[in-house]
Every structure is written in structure tokens, then in C-alpha cells.
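K.L.:
A single structure is presented below for examination.
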Amino acid sequence: MASLKELFEFSLFKIAKAPLSILSRKLCLALGQTLGLAFYYLDKKHRLIALANLKIAFGKELPSSELKRIARNSFMHFGKTLMDIIKLPQLKEEKINTLINVEGEENLLKALREKKGVLPFSAHYGSWEIAMSFFTTKGKLSGVARALDNKLLEKELLKLRTSHGSRIIYKHQAAKKILRSLQAGEMVAFLIDQNVLRRQAVFVDFFGKKAATTPSLASFSLKTKSPLIPVFCYPTSSHAYHIKIFSPLSITLEGNYNQDVLKITQICTKIIENQIRKNPDYWLWFHNRWKTRPEEEEA
Numbered sequence: 243m244a245s246l247k248e249l250f251e252f253s254l255f256k257i258a259k260a261p262l263s264i265l266s267r268k269l270c271l272a273l274g275q276t277l278g279l280a281f282y283y284l285d286k287k288h289r290l291i292a293l294a295n296l297k298i299a300f301g302k303e304l305p306s307s308e309l310k311r312i313a314r315n316s317f318m319h320f321g322k323t324l325m326d327i328i329k330l331p332q333l334k335e336e337k338i339n340t341l342i343n344v345e346g347e348e349n350l351l352k353a354l355r356e357k358k359g360v361l362p363f364s365a366h367y368g369s370w371e372i373a374m375s376f377f378t379t380k381g382k383l384s385g386v387a388r389a390l391d392n393k394l395l396e397k398e399l400l401k402l403r404t405s406h407g408s409r410i411i412y413k414h415q416a417a418k419k420i421l422r423s424l425q426a427g428e429m430v431a432f433l434i435d436q437n438v439l440r441r442q443a444v445f446v447d448f449f450g451k452k453a454a455t456t457p458s459l460a461s462f463s464l465k466t467k468s469p470l471i472p473v474f475c476y477p478t479s480s481h482a483y484h485i486k487i488f489s490p491l492s493i494t495l496e497g498n499y500n501q502d503v504l505k506i507t508q509i510c511t512k513i514i515e516n517q518i519r520k521n522p523d524y525w526l527w528f529h530n531r532w533k534t535r536p537e538e539e540e541a
């Protein structure tokens with residue numbers, strides 16, 4: 243049974259969502275940007291997390307005024323991204339195709355033809371939901387995700403995320419479903435840029451500091467031999483998006499499972515860092531990425 247807090251959050255979301263269905267996408271994006279800016283100033287906790295993270299990543303390279311600008315832009319960007327997620331069910335396939343420019347589509351198609359399954363991976367950067375909507379036009383796709391604590395909101399989010407045919411595999415039920423999907427030659431997408439608990443993590447370098455990172459992507463790659471394909475989707479002018487699909491990674495393995503998991507995870511994380519460096523405005527800086535610390539740091 244839902245708590246009063248969950249019911250309140252759910253009701254607030256439904257009330258806020260209702261008028262958005264009749265507004266144009268352009269107006270919704272402008273509203274999302276404004277709300278994002280408002281949250282930058284009103285949500286002190288997450289503003290400070292964003293600025294602390296930016297100091298870790300760019301503190302030696304950029305002045306504090308630039309770090310604040312990036313943080314503001316990140317809040318505004320994700321306000322717009324939320325609006326696009328809410329509007330997704332209204333966007334037909336033809337409409338989505340007019341909003342995106344795809345680079346490297348042949349890399350995905352070639353990998354799919356091999357029928358070994360495909361492991362696209364990305365980050366909370368740009369608009370990953372738009373990328374997933376495009377990928378569903380090329381084959382069956384599942385995204386690995388953690389469910390929201392609020393089950394009522396999660397049910398609503400699930401409807402939005404799967405409105406174009408993708409499926410969600412929740413982390414607590416992931417292993418068998420992921421293996422089954424990959425063995426069937428399908429795509430399973432991972433976002434690997436979020437903090438995880440120490441017992442679930444491998445620690446890799448991210449902007450010069452150790453970050454607790456899920457080993458799941460690397461583990462499934464080793465088990466299935468499915469190709470790893472970096473994918474990033476980010477805004478361009480006129481409210482459109484560019485999707486860049488990289489060539490499958492070619493990684494020389496060490497022959498030791500734990501070492502190989504660490505090596506693959508580090509390589510994938512470095513690719514994400516390099517993309518964020520190109521335009522840091524589009525990454526989720528207000529997530530506490532470096533929260534979990536290695537045991538030796540706390541000794």
C-alpha cells in the first residue's frame with residue numbers, strides 16, 4: 243500500500259503532467275528549461291552536489307564562474323529532458339526521425355547481423371530516452387534500470403519509457419533476462435555512470451578520482467561475447483538531437499576474469515568521461531557520483 247508521501251508525489255506528477263499533453267513540444271521544452279533553472283536556485287542540496295562534482299572534474303582547469311555556468315545549464319538541460327520523456331508517447335516514429343540525426347548507424351546494424359546480442363552503453367548524458375526510441379526501430383531493445391522507490395511514479399515512468407517498444411529490465415531481476423535477451427540476438431542497454439554500493443562495485447578512474455561503478459556491463463560482455471557499443475545522444479540546434487553510435491570496442495583481455503572486468507569497466511568509463519568533456523552541460527552533475535569510497539580511503 244502506498245504511503246501518504248508516495249500518493250502526494252504521484253498526485254503532484256499527474257496534476258503537472260495533464261496540461262503538458264496539450265502544449266506543443268517547443269513550449270514544453272521552454273517550460274522544462276525554466277523549471278530546471280528554478281530548481282538550480284531552490285534545491286540547495288543538489289546545487290552543492292553539482293558544484294562539488296564539477297570542482298572534482300574541472301576545478302584545476304576552469305574558474306568557479308564557469309563551473310556555476312555548467313551546473314546551471316545541466317539543471318536546465320535535464321528540465322528539458324524530463325519534458326521530452328513526458329512527451330515521448332505523443333511522438334510518432336516519423337516525428338522522432340525528423341528530430342534526430344544519426345551518425346554510425348552502420349556500426350549498430352553490422353553488430354545486430356552477427357546475432358550475438360549487442361550491449362549499447364551510455365551515460366545520463368544528453369537524452370538517452372530519445373536514443374532508446376531510435377534503437378527500437380532497429381531491433382528488440384531492453385534497458386537495465388533501477389526502479390524508483392515510489393512504485394506509483396515508477397508505473398507512470400515505465401509507461402513513458404516503453405511507449406516506443408523498448409522494455410525495462412529491473413536490476414533486481416536482471417541476470418537471467420539479460421542473458422536470455424542477448425542469446426536471442428537482442429540489444430540490452432546499460433547506463434554505467436551512477437554511484438553504486440561498495441559491495442556491488444569496482445573502482446575505476448573517473449575525472450582523476452576513483453568512482454564506484456557497476457561491473458555488470460563488463461561481466462555480461464565477457465559471458466556472452468556480445469559487442470560493446472558506446473552511444474551518445476545530445477541536443478543540437480532547433481530542439482533536435484544527434485545520436486552518435488561508435489564502432490564496437492576491441493579490447494585485449496588479460497585472461498583473468500576480475501582483471502578483465504576492471505579493464506573493460508575502466509575503458510568504458512573513460513569513453514564516457516571523454517564525451518562529457520566535449521560538452522559538460524549535458525551530464526547529470528547533481529548526482530552524487532563519488533559518494534561511495536574505496537575501503538582503503540576510509541581506513
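Just add 242 to the spot in the sequence shown (first one is 1) and you have our numbering.
A virtual CB, placed ideally from N, CA and C, is assigned to each residue, including glycine.
#1: Closer than 6 Å by C-beta to Gly-321: which residues in its own chain qualify, once you throw out the five before and the five after it? Chain order, please.
#2: Considering Cα atoms alone, identify which of Asp-447, Leu-433, Ser-384 is closest to Ala-426.
#3: Tell me where the beta strand (DSSP E) around Lys-451 begins and ends.
#4: Grab the span of the alpha helix (DSSP H) containing Phe-566 for me, first residue to last.
#5: Report all residues from its chain with a CB closer than 8 Å to the CB of Asn-343; omit the five preceding and five following residues, and keep chain order.
#6: For the stretch 462-475 against the stretch 358-377, are there 3 or more C-beta pairs whose distance is under 8 Å?
#7: Alpha carbon to alpha carbon, what distance is there between Asp-435 and Pro-490?
#8: Between the alpha carbons of Leu-249 and Arg-388, how many angstroms are there, rounded?
#9: Quick one: residues in its chain with C-beta nearer than 6 Å to the C-beta of Tyr-524, no 5 flanking neighbours on either side, listed in chain order?
#10: State the start and end residues of the unbroken alpha helix (DSSP H) segment that holds Asp-326.
#11: Just grab the DSSP bridge partners of Arg-409 for me.
#12: Which one or two residues does DSSP pair with Leu-361 in a beta bridge?
#13: Are Leu-439 and Val-503 close, meaning C-beta to C-beta below 8 Å?
#14: Which residues does DSSP list as the beta-bridge partners of Lys-297?
#15: Residues in the same chain with beta-carbon distance under 6 Å from Thr-456, minus the five sequence neighbours each way, listed in chain order, please.
#16: Please tell me whether Phe-449 and Ile-312 are closer than 8 Å, where the distance is taken between their beta carbons.
#17: Given a cut-off of 8 Å, decide if Lys-358 and Thr-507 are closer than it, judged by their beta-carbon atoms.
#18: Would the stretch 286-293 count as touching the stretch 522-541 if we require 3 or more Cβ pairs under 8 Å?
#19: Thinking Ile-487 and Leu-350 are a contact (beta carbons under 8 Å), I'd like their distance in whole angstroms, please.
#20: Does DSSP put Asp-391 in a helix, in a strand, or in coil?
#21: For Glu-538, which option in Phe-445, Pro-261, Ile-513 has the closest C-alpha, if you only look at C-alpha atoms?
#22: For Glu-348, which three-state DSSP category applies?
#23: Going by DSSP, what residues sit across from Pro-536 in a beta bridge?
#24: Please return the same chain residues whose Cβ sits closer than 7 Å to the Cβ of Asp-330, not counting the five positions on each side in sequence.
#25: Just to confirm my understanding: we take Asn-392, look at its own chain, exclude 5 residues before and 5 after, and list those with CB closer than 6 Å. What are they?
#26: Which residues in the same chain have their Cβ closer than 6 Å to the Cβ of Leu-390, if we skip the five residues on either side of it in sequence?
#27: I'd like the span of the beta strand (DSSP E) that includes Tyr-483, first residue to last.
#28: Between the Cα of Thr-379 and those of Gln-442, Lys-334, Tyr-283, Lys-418, spot the shortest distance and give me the residue it belongs to.
#29: Any idea what DSSP makes of Asn-500, helix, strand or coil?
P.N.:
On the basis of the supplied data:
#1: Taking the first residue of the sequence shown as 1, we reach residue 321 at position 79. Taken in chain order, the residues that qualify are Gly-274, Gln-275, Leu-277, Gly-278.
#2: By 1-based counting over the sequence shown, the position of residue 426 is 184. Comparing Cα-Cα distances from Ala-426 to each of Asp-447, Leu-433, Ser-384, the minimum goes to Ser-384.
#3: What you label residue 451 is simply residue 209 of the sequence shown in a count that begins at 1. That run of the beta strand (DSSP E) goes 451-455.
#4: With the chain represented from 243 up to 541, any question about residue 566 goes unanswered, as that position is not in the structure.
#5: For the purposes of this step, residue 343 is taken as residue 101 along the sequence shown, with counting starting at 1. Closer than 8 Å at Cβ, skipping near neighbours: Thr-478, Ala-482, Tyr-483, His-484, Ile-485.
#6: yes
#7: Looking up residue 490 in the sequence shown gives position 248. Looking up residue 435 in the sequence shown gives position 193. The C-alpha of Asp-435 is placed about 19 Å away from the C-alpha of Pro-490.
#8: Looking up residue 249 in the sequence shown gives position 7. Looking up residue 388 in the sequence shown gives position 146. Rounded to the nearest angstrom, the two C-alpha atoms are 20 Å apart.
#9: Mapped onto the sequence shown, residue 524 falls at position 282. Within the same chain, Tyr-524 has close Cβ partners His-319, Tyr-367, Gly-368, Tyr-476.
#10: To locate residue 326, count along the sequence shown from 1; it is residue 84. For Asp-326, the uninterrupted alpha helix (DSSP H) segment begins and ends at 306-329.
#11: Position 167 of the sequence shown, counted from the start, is the residue given in the question as residue 409. For Arg-409, which the question treats as bridged, DSSP gives the partners Ser-384.
#12: To locate residue 361, count along the sequence shown from 1; it is residue 119. Looking at the DSSP assignment, Leu-361 forms a beta bridge with Leu-470.
#13: Residue mapping note: residue 439 aligns to position 197 of the sequence shown, counting from 1. Residue mapping note: residue 503 aligns to position 261 of the sequence shown, counting from 1. Their beta carbons are not under 8 Å apart, which means Leu-439 does not touch Val-503 by this criterion.
#14: Translated into the one-based positions of the sequence shown, residue 297 becomes position 55. Partner(s): none; Lys-297 has no beta bridge.
#15: Here residue 456 is taken as the residue at index 214 of the sequence shown, counted from 1. Result list for Thr-456: Ile-434, Val-438, in chain order.
#16: Numbered from its first residue, the sequence shown carries residue 449 at position 207. Numbered from its first residue, the sequence shown carries residue 312 at position 70. Going by beta carbons, Phe-449 and Ile-312 fall outside the 8 Å limit.
#17: Mapped onto the sequence shown, residue 507 falls at position 265. Mapped onto the sequence shown, residue 358 falls at position 116. Cβ distance not < 8 Å, so Thr-507 and Lys-358 don't count as in contact.
#18: yes
#19: In the sequence shown, the residue the question calls residue 487 occupies position 245. In the sequence shown, the residue the question calls residue 350 occupies position 108. With a Cβ gap of about 5 Å, Ile-487 and Leu-350 count as contacting.
#20: By 1-based counting over the sequence shown, the position of residue 391 is 149. It is coil, neither helix nor strand.
#21: By one-based count along the sequence shown, residue 538 stands at place 296. Of Phe-445, Pro-261, Ile-513, the residue nearest in Cα terms is Phe-445.
#22: Counted from its first residue, the sequence shown places residue 348 at position 106. Here Glu-348 sits in helix by DSSP.
#23: As a working mapping, residue 536 is identified with position 294 in the sequence shown. Answer is none; Pro-536 lacks a bridge partner.
#24: Taking the first residue of the sequence shown as position 1, residue 330 is located at position 88. In the sequence as presented, Asp is not what sits at residue 330; that position holds Leu. Only residues of its own chain outside the window of five on either side were considered, and among them Glu-371, Ser-375, Leu-402, Ser-405, His-406 have a CB closer than 7 Å to the CB of Leu-330, listed in chain order.
#25: Looking up residue 392 in the sequence shown gives position 150. Once the five neighbours on either side are set aside, the close Cβ partners of Asn-392 are Glu-248, Glu-251.
#26: Position 148 of the sequence shown, counted from the first residue, corresponds to residue 390. Cβ neighbours of Leu-390 beyond the five flanking positions: Glu-396.
#27: Position 241 of the sequence shown, counting from 1, holds the residue named residue 483. Per DSSP, Tyr-483 belongs to the beta strand (DSSP E) from 483-487.
#28: Indexing the sequence shown from 1 puts residue 379 at position 137. Of the candidates Gln-442, Lys-334, Tyr-283, Lys-418, the residue whose Cα lies closest to the Cα of Thr-379 is Lys-334.
#29: Sequence index remark: in the sequence shown, residue 500 carries index 258 (1-based). Asn-500 falls in the helix class under three-state DSSP.
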